[in-house]
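Protein chains: 4
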Amino acid sequence: MNDLKREDFEVKKLGKATILSPIYKNYKEAAPDKEYIDDSRRIIYDASLDAFNSAKSSEEEPISFLKAGARKDIYFDPSKTKAAIVTCGGLCPGINNVIRGLVNGLYYRYNVKNIWGIQYGYQGFISDYGHEMVKLTPNVVKDIHLFGGTILGSSRGRQDISAMVDTLERENINILFTIGGDGTLSGNHVIQQEIERRGLKIATAGIPKTIDNDVNFMTKTFGFDTAFTTAASIVRDAHNEATGAYNGVAIVKLMGRDSGFIAANAALAMPDVNFVLIPESKFDMYGPKGFLNELKKRVDERHHALVVVAEGAGQHLFEEGDEVLDKSGNVKHKDIGVYLKDEINKFFADENMEATVKYIDPSYIIRSEVAIPADSVFCNDLALNAVHGAMAGFTDFVVGRWHNQFTYLPIPVATASRKKIDIDGPLWWSVLETTGQPINMYNE
Amino acid sequence: MNDLKREDFEVKKLGKATILSPIYKNYKEAAPDKEYIDDSRRIIYDASLDAFNSAKSSEEEPISFLKAGARKDIYFDPSKTKAAIVTCGGLCPGINNVIRGLVNGLYYRYNVKNIWGIQYGYQGFISDYGHEMVKLTPNVVKDIHLFGGTILGSSRGRQDISAMVDTLERENINILFTIGGDGTLSGNHVIQQEIERRGLKIATAGIPKTIDNDVNFMTKTFGFDTAFTTAASIVRDAHNEATGAYNGVAIVKLMGRDSGFIAANAALAMPDVNFVLIPESKFDMYGPKGFLNELKKRVDERHHALVVVAEGAGQHLFEEGDEVLDKSGNVKHKDIGVYLKDEINKFFADENMEATVKYIDPSYIIRSEVAIPADSVFCNDLALNAVHGAMAGFTDFVVGRWHNQFTYLPIPVATASRKKIDIDGPLWWSVLETTGQPINMYNE
Amino acid sequence: MNDLKREDFEVKKLGKATILSPIYKNYKEAAPDKEYIDDSRRIIYDASLDAFNSAKSSEEEPISFLKAGARKDIYFDPSKTKAAIVTCGGLCPGINNVIRGLVNGLYYRYNVKNIWGIQYGYQGFISDYGHEMVKLTPNVVKDIHLFGGTILGSSRGRQDISAMVDTLERENINILFTIGGDGTLSGNHVIQQEIERRGLKIATAGIPKTIDNDVNFMTKTFGFDTAFTTAASIVRDAHNEATGAYNGVAIVKLMGRDSGFIAANAALAMPDVNFVLIPESKFDMYGPKGFLNELKKRVDERHHALVVVAEGAGQHLFEEGDEVLDKSGNVKHKDIGVYLKDEINKFFADENMEATVKYIDPSYIIRSEVAIPADSVFCNDLALNAVHGAMAGFTDFVVGRWHNQFTYLPIPVATASRKKIDIDGPLWWSVLETTGQPINMYNE
Amino acid sequence: MNDLKREDFEVKKLGKATILSPIYKNYKEAAPDKEYIDDSRRIIYDASLDAFNSAKSSEEEPISFLKAGARKDIYFDPSKTKAAIVTCGGLCPGINNVIRGLVNGLYYRYNVKNIWGIQYGYQGFISDYGHEMVKLTPNVVKDIHLFGGTILGSSRGRQDISAMVDTLERENINILFTIGGDGTLSGNHVIQQEIERRGLKIATAGIPKTIDNDVNFMTKTFGFDTAFTTAASIVRDAHNEATGAYNGVAIVKLMGRDSGFIAANAALAMPDVNFVLIPESKFDMYGPKGFLNELKKRVDERHHALVVVAEGAGQHLFEEGDEVLDKSGNVKHKDIGVYLKDEINKFFADENMEATVKYIDPSYIIRSEVAIPADSVFCNDLALNAVHGAMAGFTDFVVGRWHNQFTYLPIPVATASRKKIDIDGPLWWSVLETTGQPINMYNE
């Protein structure tokens, strides 16, 4: 639980919501018995009976998350509200779906018609770059969910906070939706602090975008299902390459800077994989228990092997002090895929074994995919709930999903740490059994 | 909550589990800190803070579900265990994945090697049909997840319970896995009662198969994601047909006997749909608020319309007393799709409006699809947890998923009633907003 | 060869082409050695050595087709040319690709910028319908190739020729491109005759659209590759349905009114099919050699069977005098698919054999598909060559493909008769061997 | 025409074919009017009327190709024939389809049941490697067409000819089918020469496997359609990456060592591409007309660009004397993709323009794909015709396709030179117009 406390999960609100929501009005006419979601409704973090029993006997309220959804009363007056949307960082399937959902939610559910796209990420707030804002309407976004990428363009890296808030002020933007990863959301939080410092009433809402699916307190982030779906078919291709040569070894590098969710799920979905290497599970290359020795055993026995490696795996194998940051401030990892290819080639040469090593790095092919229908529906829901929250006056929050319900979390909580695969949990054990790889490839 | 009580959720166990599980042994060597799942671990049904607060002040323990997973101790001795698998009812994406998961789980995790497939559903237990049992090994099931359908074949309908249990006895089967829908699971329950009556120690475990995703206390059933994925692309095709003609009306009939989950999700994933008709929301054909009048408005305005209808929608439109049962005992509905097509044609003729009505019924095309990767991983997990439960000696149970954890439920609880779309809830409201259809098309 | 003579293959030209083509100018600067296609270049119909030898000794020139492609001199002045595009009949994959190719070809290759889409087929020429013409630009058609259907809409049936030519005159249209089947092209020919009668200088060019691939003197028509690609995967689904039940029989009805090309190719691509029934090969239902008896043999032996039937197969089984015409004037066939399903059910009931018959009719799902890349390239080429021909002043012609070259044919030649599968040729023999079906299922 | 003469196109035959073909017998019973293909039937190379006219007045017979197909009389006695199949070189979609077609053709059409797979390419003939031959039956190959890769495995490089023919002799193999590229086929030819030297009666038949589609006298080689189909969707992904960043440049490297067919067709199928670079069209990097300058213009104007490059393009940009051969003896090119990425990055840095360059190298993902249905049917036909030819006693030949008919060519003719894109022809001009790239990016 990362030492977070109950109060860390309070979502800030700009002020009292006093305007009757247009949705509420519709509801009441058509569905008089419908209940509305008020701000007291929350989802408990730990739904186990054990947790219930210990919470029952405790003074403290258990950790819980604010339930997302349409409120009876809203903070912003739809006819006077101007909203902006910005997309940052690398591509992820579903960005256009989220944009579409935001625009349609604002337009049709709240009658907000003044919606603008900020181009090329946070750069779009800085006038020096000269990226103009683009007007967004339901007609503009009508078919964009059928394409990958982002119609707004994106960029990495930070921009001057003060200049960004100047733009928000100058343009009279009331709500800012940011679609981005850790760095972007932290940026959003700092923007919010500057907004507060200036005494402005601007709501900022984040929709977490990480193809790695590693946001804390969220079962799933958008694009992840599409990512491992696409990865699974490439894993199958790699299997064909491995079996196509005597002692064929195919390596597929998949996304996952700090966690191996894509690698693990792709291997479970296409279970021809023999080794899954992830950041959460340290491994040695050499030595009796090391990966190369295990690989050799496998190749000796079956004459082909298929290795899936998450990009953040095995970083301890590189020398210290070599880390560099990319523009978004993420640690830019050494390329474990190329390293594996080279080491495996060297190793088999040293062992005088003929082997054919094939290396596949499908990163962009996965990131730029069109969202599959399951992601499409999910993106739509995320967007809609972001709209509900922002219209109600919540700010500095992200939309999440927990126990199959949508939630609002304060940004600092969502970015405090990253979700990882529990290597003693059922997901990793399924991978171990599916691959047949040793439980541990570390010499001590 | 269907008036179910805490005690209804107790899962039966054949007896004390006394054999140290082979998985536990592996665990302890490799992951000494790993926790194991004991039978006291449960998942609370309602994870809302409100429910927590009222439960806190109540005497009664809240409703909760037994947590699935590998136990430290098991009931069956792997070397002496004989397991059988049967698949019943209509096709659903993922059946082969479940079969594969069961075989691999039994074989690799528990070292159970005596595994048999019963052919053609419950018929396979009745010797008169002459369907032989087939031996299942990891090699037999290696690639079956890449195909739709079921390698074991299936059938609908009931068979003589006594004769079925005779076969279980005669063949010395210790564990029976049934993959099937309501009728199949109810059959499983009756089999279990006969087993008990005879004092046998045979575990029966069900993996609920309903493409409609309508099992109570389960977030999702296998095949559903694949179903609406496939449906979504057919909905897009239908959109092309609708726009391809002046006043073009395309109707897609999707699965959903008692619930509209596939229809609703397909429409959200491919949001060109103008009307979604589901069993949960009654509608009139005629009259000022009726569907035909609304359809006419839409066609007048845009000159094309796209209708998605769940097969169980609008049954009230047919005369009483006409219901027939299919072999599985399900009420065989009148064909709402054909009815709509005919009525729409008639209506536009009466209105002297030229219109081109196209009707698409993709049922088998959806049912026979290969599971998408998300379903593939899900099927594997369901199967593995079914194996864990049965090996631990649980019986008369199904595997489910709740709050992103796997659970075991008594069969009678799972079949007591069906999950439906809450027409006052967020799913249906998203559909209403996406389609723009009236909240209600019922004259009174 | 349908008794056609050399002179039947002359393509009409509006007059002398006297304007230097902009493409020619480009060519000459950049590729001075490039040869241009003049009107004497032709492709011989029969490329066999035998035909060569007999032609060599004959007085007559062998049958040949005008070679398509960009001419040095064109008839229409690009800056003053107004072009129109109309799409007629049922959907076929690739229509939007052809529209896109026409617009881009006119715009970029010839600098013709006055391009209009006629909406909803030939109806669009008749002012009573009130369908407005839509302006087409490269920007409008930019992404339409990624969607199935037709952005212009379509309709079936004839319209008043005189009124249509009135519209062409009134709107000052110089070139009309028609994308449609037999009926549409015949309509085009009649329009051309009226144009000539009035002494107008309007070129009409057809791009044959028949998903059945049955145009004479053309190796392939657009959409066909996509059609059997989509059909193949549905055939695989049907195989799953057939094997999923004891004595399961799955029937897939595919397009093919007068020819079985889609059925044959789908069966070759997905060779689980046991029977292919096509219009070209007559069969009996009953009797010792009849289909039902052969089906029974197969089901007895393997307990499942997969039947692919072209919609035009077995029409002799229906009573005479029942033929009706659809709006386009095509003979509307009895539904052989439903007939087969009913007869098979009856037959197995009479034989006291349990059997489960499943019937799949995917027509619209195939017709509305997005063109696969091979079709996409092909559509583009067809469109470009249609533009070249029309700009050069050819009229009353269609674009075809023969010996891997694009050709121009007079419309009457292309619509004179339909291409059929030669049941003594290699395609049908491959089908017979792949399916293992009897060479002939006709009692005498 | 590569200076080849009429007599170069004679296909060798082992001797007189004297056994009545089982197919012929079937034919005669069922289709008494069917014509059979005798060895005099040929397809003329040049089907233009011009060629006809000049051939008419010439003494010489025009160049023509032997027509493939089932002969009345065959050379090998089916009951005593032993056939072997070997697959060599890199993967290509459809190899398994060809294997399946060969096995089924031999088994069902000729009743040859003694069929063996040589594992791992020509290595499989050399006993030192220890690769055992595998028995092939219809049951073994039943579903292999649904997978990519090759079930026999492959290898690159030459092996000792004498040792290979020793194996053919020792194993009493009568017919050898080789599926491979240039090097493999040349190997086949040398094997044939050794067979002749020894006076053996072994037929060798090749099915040309080159994903590049660059075999002379063949319209198409198998796998090519699948290759550019897969490539097209990756090109679309790259478009998303390019537009996702300000001044985004995406580069996709596609196969094509000596020709740009895949690159050209992928760009035509997915026409977002701005530059196609192929081996046939030399280009400069620097200078006013050079590629980088043109790229800059494009990026300046639209802020994104998409480049497709064939792997063999721009080889003149690398220094001489650096060429190395791979194991198959092909010239191993410098990596133009990596070179472009580096140069573009450097260039934009020099120009002080922000740009984001993304490089995609999908090679293995394309090579290992499952054949699309169009390729599936094509592979089947190629295989069947290879079987017909070999059974008839033809040897040292490959199967091709010309003017939509299947042909037999002597191996030396097929490997004499490679087919290339005519940069003055319609394919390349379509690419130029689709991309809008300059006709020529060469400073002189």
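Protein chains in written order, with the UniProt record's numbering: chain L, 1 to 444; chain H, 1 to 444; chain R, 1 to 444; chain E, 1 to 444.
C-beta atoms are modelled at their ideal positions from N, C-alpha and C, and glycine is treated no differently.
Check	Outcome
Exposure of R:G425, with buried meaning 16 or more beta-carbon neighbours within 10 Å	exposed
Neighbour flag for L:H403 against chain H, beta carbons, 8 Å	yes
8 Å Cβ cutoff, L:Y108 in contact with chain H	yes
Three-state secondary structure (DSSP) of E:N114	strand
Helix, strand or coil at H:G248 [DSSP, three-state]	strand
Reference R:G223; option with closest CA among R:L20, R:R198, R:N97 and R:Y408	R:N97
Contained alpha helix (DSSP H) runs [length at least 4] in the region 114-188 of chain R, N- to C-terminal order	138-141 and 161-170
Cβ-Cβ separation, E:G312 to E:D258 (assumed contact under 8 Å), whole Å	5 Å
Neighbour flag for R:D237 against chain H, beta carbons, 8 Å	yes
Chain H within 8 Å of R:Q123, Cβ atoms only	yes
Buried/exposed call for H:S57, threshold 16 Cβ in 10 Å	exposed
Closest by C-alpha distance to R:G393, when choosing among R:L292, R:K67, R:D143 and R:I175	R:I175
Exposed unless 16 or more other CB atoms sit within 10 angstroms - verdict on H:L152	buried
Burial state of H:G42 (16 or more Cβ within 10 Å)	It should be pointed out that residue 42 of chain H corresponds to Arg in this sequence rather than to Gly. Looking at its Cβ environment, which holds 16 or more other Cβ atoms inside 10 Å, H:R42 is buried.
E:V338, buried or exposed, once every other Cβ within 10 Å from all chains shown has been counted against 16	exposed
E:Q193 burial status per 10 Å Cβ neighbour count (16 or more: buried)	exposed
Expected contact under 8 Å - CB spacing of E:G160 and R:A374 to nearest Å	At residue 160 of chain E the sequence reads Asp, which differs from the Gly that was named. Their Cβ separation, rounded to whole angstroms, is 41 Å, which puts E:D160 and R:A374 out of contact at 8 Å.
Delimiting residues of the beta strand (DSSP E) encompassing R:A310	H304 to A310
C-alpha gap between R:A390 and R:L384, whole angstroms	10 Å
Rounded separation between R:R71 and E:F348 - CA only	41 Å
Beta-carbon gap between H:T434 and H:A263 smaller than 8 Å	no
Any chain H beta carbon closer than 8 Å to L:K34	yes
N- and C-terminal bounds of the beta strand (DSSP E) containing H:E82	With the sequence shown as reference, residue 82 of chain H is identified as Lys, and Glu is not the correct amino acid for it. Element bounds for H:K82: K82 to T87.
When H:V309, H:D284, H:K346 and H:A310 are compared against H:H316, the one with the closest alpha-carbon	H:D284
Three-pair Cβ contact test at 8 Å for the region 396-406 of chain E versus the region 2-22 of chain R	no
Beta-carbon separation (whole angstroms), H:Y79 vs H:Q123, contact threshold 8 Å	Correcting the residue identity first, residue 79 of chain H is Ser in this sequence and not Tyr. That belief does not hold up - the Cβ atoms of H:S79 and H:Q123 are roughly 31 Å apart, past 8 Å.
Cβ-based neighbour list, R:K365, same chain, cut-off 8 Å, excluding 5 preceding and 5 following	For clarity, residue 365 of chain R is Ile in the given sequence; the question names Lys instead. Excluding sequence neighbours, R:I365 sits near T230 and I234.
Proximal residues, the region 149-165 of chain H versus chain R, C-beta separation under 7 Å	G149, T150, G153, S154 and S155
R:F228 versus R:N265: straight-line alpha-carbon distance, rounded	6 Å
Unbroken beta strand (DSSP E) run spanning L:G400, endpoints	F397 to W402
Candidates L:N380, L:G256, L:G287 and L:Y286: closest to L:V276 by CA position	L:G256
Interface residues of the region 237-264 of chain E facing chain L [CB-CB below 9 Å]	D237, A238, H239, N240, E241, A242, T243, G244, A245, Y246, G248 and A250
Whether H:L136 touches H:D73 by CB criterion (8 Å)	no
Backbone CA spacing between E:R236 and H:L292 [nearest angstrom]	41 Å
Close beta carbons around E:L200, own chain, < 8 Å, minus the five adjacent residues each side	V165, L168 and E169
Assumed close pair E:A83, E:F177 - CB separation to whole angstroms, cut-off 8 Å	7 Å
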